[in-house]
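A.B. asks:
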Amino acid sequence: KAGVTQTPRYLIKTRGQQVTLSCSPISGHRSVSWYQQTPGQGLQFLFEYFSETQRNKGNFPGRFSGRQFSNSRSEMNVSTLELGDSALYLCASSLADSKEQYFGPGTRLTVT
Amino acid sequence: DQQVKQNSPSLSVQEGRISILNCDYTNSMFDYFLWYKKYPAEGPTFLISISSIKDKNEDGRFTVFLNKSAKHLSLHIVPSQPGDSAVYFCAAHRAGTALIFGKGTTLSVSS
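Order-wise, the sequence lines are chains V and U.
The numbering of the first sequence is our numbering, which starts it at 8 and goes up by one.
The numbering of the second sequence is our numbering, which starts it at 842 and goes up by one.
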């Protein structure tokens, strides 16, 4: 069974631009969560989607948004990029009611 | 306010010895706890978990202990191997909410 895939793996953007990251969950997994990892801050929860609906949301500004499609694939968008948005963005999928999440390799975003 | 804390940013252990990674939490509503391991340039991988109704769970070299009264859990790795060198994250689950992760502990196992 294929794991969680994320595209692109690396991205360099300029301040003020916007970016869209993509995540394909494990087949059969309907829940997708997004996390931001920065040095010393661990994994900070962004949002969770289940059956195309946002189920939970973390404490991030409205510049961060996401969506989930009917095939469970998910995208997250960051608008008006700031230098502090430079981070590893991780996507994780799980079965509908499973607490165990399976992570993708992440997208390394660098904002210059 | 950090609900899940890993107070040791790093831990160094010799190969063959025991590694003990610690995690404290503040919310008594957490019902499930997990440990993840992360290598550089990779996503975290699930290692082992424990339900709040248990106090111990074992899987090969990895054992997780839960002390609910102290709101403390620990991950024991015996014997430690150089390939165990990674960042270890503790995570906690509460019904209806997302997993909450600690900031991680970097384990270095020297041969």
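Glycine residues also receive a C-beta, built at the ideal position from the N, C-alpha and C atoms.
Values in this document were obtained by computation on a predicted structure and should not be read as measured data.
So, is U/Gly901 buried or exposed, given that buried needs 16 or more other C-beta atoms within 10 angstroms?
C.D. replies: exposed
A.B. asks: Quick check on V/Leu90: does DSSP put it in helix, strand or coil?
C.D. replies: In the three-state reduction of the DSSP assignment, V/Leu90 falls in the helix class, which pools H, G and I.
A.B. asks: Step through the CB atoms of chain V and report whether any lies within less than 7 Å of the CB of U/Tyr873.
C.D. replies: yes
A.B. asks: Using a cut-off of 9 Å between C-beta atoms, extract the partners of U/Ser890 located in chain V.
C.D. replies: For U/Ser890, the chain V residues whose C-beta falls within less than 9 Å of its own C-beta are Lys106, Glu107, listed in chain order.
A.B. asks: Would a check of beta-carbon distances place U/Glu883 closer than 7 Å to chain V?
C.D. replies: Closer than 7 Å: yes.
A.B. asks: For V/Leu90, count neighbouring Cβ atoms within 10 angstroms of its own Cβ and tell me buried if that reaches 16, exposed if not.
C.D. replies: exposed
A.B. asks: Strictly under 7 Å for the Cβ-Cβ distance: is V/Asn63 near chain U by that measure?
C.D. replies: yes
A.B. asks: Give me the chain U residues within the contact set of V/Gln48, using Cβ-Cβ distance strictly less than 8 Å, ordered along the chain.
C.D. replies: Within 8 Å Cβ-Cβ: Lys944.
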